[in-house]
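Participant: Sharing a structure below in structure tokens format, with a few things to ask.
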Amino acid sequence: MTSKNEAEKGLSFTLSEEQEKVRDLARRFAQEEIRPVALKFEDDREGTLAEQVIDKAAQAGILALAVPQEFGGGGGSNVECSLVLEELAWGCGGIATAIGASWFGQTPILMAASQELRRQIFPPLAGRDKGRLVCMAMTEPAGGTDIENPHMHSRTVRTIAREDGDYFVIQGKKIWPSNSTNAWLYTVVATVDPAQGDAGSCLFAVPADSPGLSVGKSIPKMGMHADQNAEIIFSDVRVPRQNLLGKIGDGARLLQRTLIYNRVGAAAIAVGIARGAFETALDWAKRRITMGRPLIEHPIIAAMIGDMATGIEAARLLYLRAAWVNAQPKGARMDWSTMAKVYASDMAMRVTTDAVQIMGAYGYAKEYGVEKAMRDAKIVQIFIGANEFARQLVGELTAGGNR
Ligand SMILES: Cc1cc2nc3c(=O)[nH]c(=O)nc-3n(C[C@H](O)[C@H](O)[C@H](O)COP(=O)(O)OP(=O)(O)OC[C@H]3O[C@@H](n4cnc5c(N)ncnc54)[C@H](O)[C@@H]3O)c2cc1C
């Protein structure tokens, strides 16, 4: 028989002290700096308040978590980053999305930038003086899902990079990326020629102050107001050759690997949004009286609460398993991270909708934040791999014996 200690070695559900520390820092930050202002982001059309919160996140050392320690960052793995995103999203889905998307844009730089480029990029990203965000500029007006879809082999990318001596000249248009209007750096998905498929695919790190790079106004939208989404225009933007991440033809592979890590982040954001709404609804259900007793004592409401709690726990286990395997030296798994994203976002949609239902008209009111959570949750079913496409992908990977 396996002793208790041996069993624990094999399957442990305990976070390390370091992981608890970083999660608790994010939890405190969300309680003190995000949740108290979460309902104000909707009216913060210029993103001024969001910028202040992001600056405070930099000061607290949260933004630096994804930066390698050699450049002054926290060196957090997919596990720590996801734990932090859940906490931030408990405070506000939009702030978590802005920070998670910045880490999304940093991932290919981590994987493929030259040491010289890393030295230029990472120390400022770890800086505590000011919040600097990266924008992962992937989606284009003709469609986002096809660009993420490995079966399309980068053939739908219309952002073109042309070689010109020691430079590349980038021409094209992106739309919707998080941090569109306020990024310090853009990680750009491009191609030298869409007809070449993956062989022409390439990613570039493009500083925000590059001549020819311009951004439109933040697009009004349903939720995630603390995140700025707009059109980004690259009009003959010249970048030095060393800003190419890896080499021509590496773009598709880098993007797919990046998506593996960042779908887990999206799952964690979904869990945080759901947990925030769930706690508010649970508290309400304990205090609201109907038929002379608290709502929670009605069996159907207790069952709803039970299902909500189960969904949150299950989604957290899924994202932590995916994050853990992604953090192993050769362990990144597209199927597990995509499962976590699909399951967690569908769960968050259900849980936030049920939270509104349990609170009745008060849930529908802006004041309690649960209708905001419902609106924020919706996009997680769409971004970083729309769930219809993502489900098919999991099915294909499963059928292909990738499990
Ligand atoms: C708040 C927010 C943050 C975002 N952050 C980023 C970011 O950081 N970087 C970035 O590049 N983009 C970002 N986006 C854009 C987002 O990733 C895209 O909206 C998403 O990829 C879907 O692309 P699309 O809107 O062009 O829809 P389409 O690709 O046109 O898809 C529309 C719908 O069609 C269905 N569909 C599409 N393809 C398939 C398929 N193969 N099989 C079955 N059904 C399919 C799905 O239902 C899908 O929802 C963000 C958007 C928002 C609103």
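Just so we're on the same page, the working numbering is the position in the sequence shown counted from 1, plus 1344. Ideal placement from N, C-alpha and C gives every residue a C-beta, glycine not left out. This structure is a prediction, so every number in the text was calculated from the model and none was measured.
1) Identify the residues that DSSP records as bridge partners of E1657: which are they?
2) Over the uninterrupted alpha helix (DSSP H) stretch that includes D1368, give me the two end residues.
3) Is there at least one non-hydrogen atom of ligand 1 closer than 6 angstroms to the beta-carbon of I1398?
4) Tell me, please, whether the stretch 1493-1500 touches the stretch 1564-1580 by the rule of three or more beta-carbon pairs shorter than 8 angstroms.
5) Expressed to the nearest angstrom, what Euclidean distance is found between the alpha-carbon atoms of A1750 and M1678?
6) According to DSSP, is I1633 part of a helix, a strand, or is it coil?
7) Alpha carbon to alpha carbon, what distance is there between P1521 and N1731?
8) Am I right that A1717 and I1617 are in contact with their C-beta atoms under 8 angstroms? What's the rounded C-beta distance?
9) Q1736: buried (16+ other C-beta within 10 angstroms of its C-beta) or exposed?
10) Please say whether Q1725 and S1689 have beta carbons closer to each other than 7 angstroms?
11) What is the DSSP secondary structure of T1346, reduced to helix, strand or coil?
12) Between A1534 and G1516, how many whole angstroms is the CB-CB distance? I'm expecting something under 8 angstroms.
13) Can you give me the C-alpha to C-alpha distance between G1438 and A1625, rounded to a whole angstrom?
14) Using only the alpha-carbon positions, how far apart do A1676 and R1637 sit?
15) Could you name each continuous beta strand (DSSP E) segment of 3 residues or more that falls completely within the stretch 1424-1463, going from the start of the chain to the end?
16) Should D1571 be listed as close to ligand 2, given that the test is whether its C-beta is under 6 angstroms from any heavy atom?
17) Mind checking whether A1456 and L1599 have CB atoms under 7 angstroms apart?
18) Just to check my reading of the structure: V1397 and V1381 have Cβ atoms closer than 8 angstroms, yes? What is that Cβ distance to the nearest angstrom?
19) Since A1596 and I1465 should fall inside the 8 angstroms C-beta cutoff, what is the C-beta to C-beta distance between them, to a whole number of angstroms?
20) Alpha carbon to alpha carbon, how far is E1377 from A1442? Give it in angstroms, no decimals.
21) In the DSSP assignment, find the beta strand (DSSP E) that holds F1548 and state where it starts and stops.
22) Measuring alpha carbon to alpha carbon, tell me which residue in A1527, S1579, R1476 and R1601 is nearest P1452.
23) Between which two residues does the beta strand (DSSP E) containing I1576 stretch?
24) Rank E1395, G1544 and G1419 by C-alpha distance to the C-alpha of D1748 and give the top, closest one.
Facilitator: Looking at the coordinates:
1) Per DSSP, E1657 has no beta bridge partner at all.
2) Unbroken alpha helix (DSSP H) run through D1368: E1361 to F1373.
3) Flag unset: Cβ of I1398 not near ligand 1.
4) Touching, no.
5) Nothing about residue 1750 can be reported from this structure: the residues present for the chain run from 1345 to 1747 only.
6) Strand.
7) Roughly 18 angstroms separates the two Cα atoms.
8) Contact flag correct, Cβ pair sits at about 5 angstroms.
9) By the 10 Å Cβ count, Q1736 comes out exposed.
10) Against a cut-off of 7 angstroms, the Cβ pair of Q1725 and S1689 comes out as a contact.
11) Below a pLDDT of 50, predicted positions are generally treated as unreliable, and T1346, at 40, falls in that range; no measurement from the model is reported.
12) Contact holds; Cβ gap of about 7 angstroms.
13) The alpha-carbon atoms of G1438 and A1625 are separated by roughly 20 angstroms.
14) Taken atom to atom, the span from the alpha-carbon of A1676 to that of R1637 is near 50 angstroms.
15) For the stretch 1424-1463, not a single whole beta strand (DSSP E) run of length 3 or above is found.
16) With respect to small molecules bound, the structure shown includes ligand 1 and not ligand 2.
17) Contact: no.
18) Contact holds; Cβ gap of about 7 angstroms.
19) A1596 to I1465, Cβ: 22 angstroms. No contact.
20) Near 15 angstroms, if we compare the C-alpha coordinates of E1377 and A1442.
21) Segment S1545 to P1551, the beta strand (DSSP E) holding F1548.
22) Among A1527, S1579, R1476 and R1601, the Cα nearest to that of P1452 belongs to R1601.
23) Counting along the chain, I1576 sits inside the beta strand (DSSP E) bounded by residues E1575 to P1584.
24) This structure cannot settle anything about residue 1748, because the visible part of the chain is limited to 1345 through 1747.
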